[in-house]
Each structure stands twice: as C-alpha cells, then as structure tokens.
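Have a look at the structure below before the remarks.
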Amino acid sequence: MKKVLILAAALSLALSNVAEACTNFIITRGASTDGSNMVTYAADSHGLYGALYQHIPGKYTPYMDVREWDSGRPLGQISQVKETYRTLGNSNEHSLFITETTFGGRPELEDPKGGIDYGSLIYITLQRAKTAREAIDIIVDLANTYGYCSSGESFSLIDQEEAWIMELIGKGPNDKGIVWVARRIPDGYVSAHANQARITTFPWDDPENCIYAPDVADVARKFGWFEGENKDFSFADAYAPLDFGAMRGCEARVWAFFRTIASGMDKYEDYAMGHNPNNKMPLWVKPDQKISPKVVMDCMRDHYEGTKMDMTTDIGAGGEACPYRWRPMYWTVDGVEYCNERAIATQQTGFWLMGQARPEKVGILWFGTDDAATSPLTPIYVNSQEVPECLKVGNGTMLKYSDTSMFWITNRVAQFAYLRYNIVGKHVRNDIDKWENAMLETVKKIDIAIANVGYKDKKVKKIATEFSVSTAQKLFEHWVNLDKYLMVKYIDGNVKGEDENGFIDNGNGMDIPGKIEQPGYTEHWKRAVAKDKGEILKVVK
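Using the working numbering, you'd call the opening residue of the sequence shown number 418 and step up by one each time.
What follows is the structure, given as structure tokens:
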C-alpha cells in the first residue's frame with residue numbers, strides 16, 4: 418500500500434518550523450452567504466515548498482510508517498485501518514477539512530519520545546474520518562495510544578454540518594498522551610486562531626457543543642499552573658500564558674480578521690498591540706452581515722491596513738508602500754527592542770487555502786501557493802482523482818527551481834511586486850480579483866452540471882477532476898504570462914503606457930516605447946529622506 422500517503426509528500430517538502438506561524442479563520446454555515454462552512458489556512462514557513470499532497474487508498478497492510486511532518490524524523494509505526502479515504506491537501510473526499518496553527522505553550526509538556534506529531538494527526542485523521550466529530554475522536558485516540566511529540570496546537574475542523582476549534586498539548590515526557598478541549602462554534606458566528614491558544618473557560622456539561630479530556634485541568638494542577646474549581650479553568654491561560662509576542666504577533670491577526678467583519682472590535686486594539694493582556698477578545702464573534710467566499714479569501718490578504726499597525730505607512734515601507742518586513746521580527750537600537758509586524762499575509766507562506774464544506778454539494782479546496790496577497794486561489798473539488806501538474810509533489814523543491822511549478826511562478830511574481838508594491842502589487846491584486854471572481858461564477862455552473870448527473874453518480878468525479886486540473890493549469894499559464902508582462906511594463910522603475918491595442922510605441926515601428934511614466938516615491942518617503950539627508954541632497958540655485 419502507498420502507506421506513506423500524504424505524509425511522504427509532506428516529508429519530502431518540509432524543513433524545520435513549518436507551522437510556527439500560521440493563520441486560520443473559521444466561518445460557520447449561518448455566517449456565510451452560500452450556506453457553506455469555510456476554513457482558511459496559511460502554512461507559513463521559510464522552508465516549506467508549496468504543493469498539493471494526496472493520499473490514494475490502496476491495498477491494506479497492518480501497519481503504516483509515521484514521520485514527523487516538519488523534519489522528516491522517523492517516529493515509528495502505527496496500526497493501519499481497513500478502509501481509508503482519498504485526501505487532497507487538508508481535505509478529504511467527504512468534505513472534511515482539518516487545518517492548524519502551532520501555539521507552542523508550556524515546554525515542560527513536550528514528549529520527544531511520542532510516536533505521532535501534529536502533522537501526522539491531521540493527515541492520518543483525514544484518511545479515517547468522515548465528520549469533524551469523528552476526527553476529534555480519532556485525533557485523541559491516536560495521540561493517547563502512540564504518544565504526542567509536538568508542542569501545543571490549535572486545530573480547525575469543519576464538515577458539511579459543523580465547525581469546531583480544538584486545542585491540545587502533551588502531558589510531558591513521563592505521561593503519554595494529550596490534554597485537550599474542543600468547542601463547536603455556534604452557527605452564525607466566526608472564529609479564528611493564529612499561533613496562540615484561544616480557548617479559555619468552557620462549559621463542562623454541554624457534550625453537544627464542548628468536549629474535553631477528563632484530566633484537562635488536573636494536569637495543570639499537577640504542575641502548579643491552576644488552582645480552583647473546574648468551572649474556572651482556562652485552557653489558554655494554563656497551557657499558553659500570554660506575553661507581548663503572543664498578542665502582537667499572533668492575536669493581532671485574529672483581531673484584524675474580526676474587525677473587518679464585525680463592529681466594535683476596535684475596543685480590543687490595545688490587546689492586539691500587546692499592551693493590555695486583560696482585554697481579551699472573545700473566542701468567536703457574530704459578523705455584521707453574512708460573509709461571502711471572496712471576502713474570506715481577501716481577509717487572508719490583510720496587512721493591518723487602516724490600523725495603527727498598518728505596514729504601508731511608515732518608513733519601513735520604503736518609497737513604494739511595501740507592507741513587508743524581512744525577518745527577524747525583533748531588532749534593537751540603542752538598547753531598546755522593537756518589533757516588525759507579523760501580518761496575516763506574509764512572504765514566507767508555502768501554501769494557503771480556503772476550504773468550503775457545502776451541504777448537498779461537493780466540497781471545494783481553493784488552493785494557492787506562496788503569499789496570499791500576491792497569489793490567486795484555484796478551485797479543486799475534493800473528489801478530484803488527480804493533482805494538477807503545476808501543483809504536484811516533486812515538481813520542484815525549495816532548492817530546485819521548476820519552470821512548470823505554481824509555487825515558483827507565484828514567487829517570481831511576488832518578488833517583483835514587493836519591489837514596487839503600490840504599483841506592481843496593485844496590478845497583481847487586480848488580476849487575482851478578476852480570476853477569483855470569475856472562478857466563483859464558473860463553479861456555480863460546474864455545480865449545476867454535477868447536480869444534473871446526480872451527486873453520487875460516477876461521472877461526478879470525472880467532471881470534478883477535469884475541471885479542477887484544467888483550471889489550475891490555465892491559471893498557471895496565465896501567471897507565467899503575467900510574470901513576463903510585468904517585466905516588460907514596469908522594468909527599471911518605469912511604467913509603459915498602454916491603449917486598447919496594447920503598449921504604445923513612438924510610431925516608428927521599431928517597438929520603442931512612446932509613453933513612459935516615472936511615478937517616483939511616496940510623499941512620506943520623500944519627507945523622511947529630506948529629513949535624514951536633506952542638506953546633502955538639496956538642490957542649490
């Protein structure tokens with residue numbers, strides 16, 4: 418059997434710290450315009466290559482190998498089940514989606530001897546579960562049976578009916594298994610997490626909407642992190658205490674999402690900025706109006722625009738309003754420590770997605786590679802039987818460029834956009850919007866075609882596969898052409914003029930530009946440079 422499954426694909430790609438800085442949004446059916454549960458995921462790592470993993474069920478064998486997703490370290494073997502389901506990335510054929518962010522938490526609770534890590538929990542569970550509730554049970558059983566070797570994790574789990582957030586952490590090197598709590602997000606609400614545990618106190622007598630490990634509070638008591646009655650126990654406070662970085666670098670991303678879709682969130686600004694840990698945000702909020710899939714996609718492209726943390730407005734943005742800051746995040750001047758913002762959209766994304774679990778319809782994995790702000794999503798039906806060539810595992814690596822890889826072409830476009838973000842970046846975003854809006858309409862037509870042949874008909878997989886593969890390849894070709902076009906139009910700080918016939922030449926028939934604009938730098942940059950070196954640069958009459 419192809420027992421290394423999705424994991425083998427991931428392991429060939431993964432380096433260290435794959436999930437140290439990820440972002441998830443969770444939107445329930447009642448909060449979405451089309452009645453779907455939705456989840457987002459940005460797999461952010463400076464060493465992760467973006468590709469679409471898959472598991473194809475094969476001949477049964479009693480055991481399967483497990484390797485740590487981040488490092489490729491062999492963890493041993495676990496028992497295999499008789500039946501597994503086909504998976505694509507962080508989804509499976511039953512429209513179950515599982516994504517994550519790492520919150521780390523108490524280092525005393527890590528168990529290097531554990532036989533399963535957070536990545537294996539996700540991808541093995543997707544092979545074995547049909548629903549979010551089943552997935553929670555399987556995650557718990559696997560971690561408790563084989564031991565958990567990762568640090569603290571927040572999981573998002575959605576299916577066609579429900580949306581859950583689950584947080585877990587190990588019990589320490591001398592106590593196999595995990596402590597955990599999972600909460601069902603009320604229909605009509607949205608939640609989010611971004612590398613910081615978010616479940617605080619929770620109901621102990623509502624098994625329909627909240628389930629947990631029997632010893633979830635006892636382990637914290639044993640280590641001296643909690644005293645009191647169960648009703649007062651806060652998972653996040655016990656296992657992942659807040660500090661400045663947890664608020665400013667993590668919770669701020671949740672705040673940026675919440676404030677975009679719900680009123681009244683500015684009252685948590687001091688918390689998001691790391692200044693007031695007592696002003697915690699709620700675990701979920703009710704949006705002002707129902708949220709469309711496109712809005713969800715675009716929320717993943719946020720750089721704190723319009724807030725005090727707006728990355729486009731200070732001198733760090735250069736002369737072209739660039740909302741990116743290279744790492745490290747923290748730096749010191751004259752003994753004072755400062756931070757660069759860690760926005761939702763970031764340069765080091767390997768892949769990102771928006772998953773839709775849709776009642777009475779085939780789920781869709783909207784999948785993209787590299788930075789969400791400069792890369793488009795393409796629709797992949799979760800029952801597709803093939804992976805597009807441009808997204809296949811092995812088509813390029815972080816150390817090997819491939820001319821046929823979506824990851825590398827989106828990175829090429831992004832690198833150019835970063836240099837002149839207010840001009841080139843805007844152009845790229847316009848192309849993204851046109852593509853995604855067109856695909857959202859096209860998906861409606863494919864849904865009709867699928868409905869006409871019958872949801873369970875074998876032809877459905879053929880329709881879904883042909884559309885998903887051809888569409889992804891079409892996007893790849895478009896981005897290859899966009900890369901070439903951007904170079905021609907914006908080379909050397911210029912902007913070549915165009916009309917309805919294309920680029921404007923000077924009329925001599927020799928392809929010499931007839932109209933070139935030179936937009937220069939932002940006013941903020943000009944004033945900063947004048948203040949810094951004005952006496953030397955001043956023009957003397």
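We treat Cβ as the ideally placed atom computed from N, Cα and C, and that holds for glycine.
The shortest CA-to-CA distance from C756 to any of M726, I582 and Q935 is the one to M726. A Cβ-Cβ contact shorter than 7 Å links Y565 with G531. A check of alpha carbon separations from G467 across V810, K879, W852 and K817 identifies V810 as the nearest. Taking all protein chains shown into account, E500 has fewer than 16 neighbouring C-beta atoms within 10 Å of its C-beta and is therefore exposed. In terms of Cβ geometry, W701 and Y606 form a close pair [threshold 7 Å]. By the neighbour-count criterion, in which a residue is buried when 16 or more other Cβ atoms sit within 10 angstroms of its Cβ, R503 is buried. Judged by beta-carbon spacing, A790 lies within the 7 Å limit of A762, meaning their Cβ atoms are closer than that value. At the C-beta level, A855 and S801 stay beyond 7 Å of one another.
Remark: three or more beta-carbon pairs, one from each stretch, lie closer than 8 Å, so the stretch 586-596 and the stretch 551-571 are flagged as touching. Residue environment: P524 is assigned as exposed (fewer than 16 neighbouring CB atoms within 10 Å of its CB, all protein chains considered). Under the three-pair Cβ rule at 8 Å, the stretch 681-691 does not count as touching the stretch 645-653. The Cβ neighbour count for E917, taken over all protein chains shown within 10 Å, is under 16; the residue is labelled exposed. Setting aside the 5 residues that flank it on each side, R446 is surrounded in the same chain by G452, S453, N454 and D604, each with a C-beta closer than 7 Å to its C-beta; the list follows chain order. In this structure, the beta-carbon distance from K913 to P936 does not fall below 7 Å. Where G536 is concerned, there is no enclosing beta strand (DSSP E), although the alpha helix (DSSP H) around it starts and stops at Y535 to R545. Ranked by Cα distance from V498, the options Q544, T457 and V841 are led by Q544. DSSP lists no bridge partner for R550. Contact annotation, A599 with F442: C-beta distance approximately 18 Å; criterion of less than 8 Å not satisfied.
Residue burial annotation: E777 is exposed, with fewer than 16 other C-beta atoms found within 10 angstroms of its C-beta. Residue environment analysis places D949 among the exposed positions, since fewer than 16 neighbouring C-beta atoms fall within 10 angstroms of its C-beta. For M904 and Y835, the gap between their C-alpha atoms comes out near 13 Å. Its chain contains Q613 as the residues whose beta carbon lies nearer than 6 Å to that of A663, once the 5 sequence neighbours on both sides are disregarded; these appear in chain order. As computed with DSSP, S885 is found in no beta bridge at all.
In this structure, the alpha-carbon of L892 lies about 11 Å from that of S792.
DSSP places A599 outside any alpha helix (DSSP H); the residue lies instead in the beta strand (DSSP E), whose first and last residues are I595 to R601. Ranking S512, Y477 and D487 by CA distance to the CA of S496 puts Y477 first. In this structure, T730 is the residue among T730, S449, N626 and D558 with its C-alpha nearest to the C-alpha of N839. When DSSP reads this structure, M455 sits in a beta bridge with I444 and Q773.
Take E722, set aside five residues on each side of it, and the residues of its chain with a beta-carbon closer than 7 Å to its own are T729, in chain order. Around the beta carbon of V845, a 10 Å sphere encloses 16 or more other beta carbons of the protein chains shown; the residue is thus reported as buried. Separation of Y470 and C627 (C-alpha to C-alpha, rounded to the nearest whole angstrom) is 31 Å. Counted as a single uninterrupted DSSP element, the stretch harbouring P624 is not any beta strand (DSSP E), since DSSP gives it neither H nor E. Pairing E806 with H895, the inter-Cα distance amounts to about 15 Å. Membership of I867 in the alpha helix (DSSP H) is indicated by the continuous run K843 to V870. Here I929 carries a coil assignment [DSSP, helix/strand/coil]. Judged by DSSP secondary structure, P796 falls within the beta strand (DSSP E) whose first and last residues are T795 to Y798.
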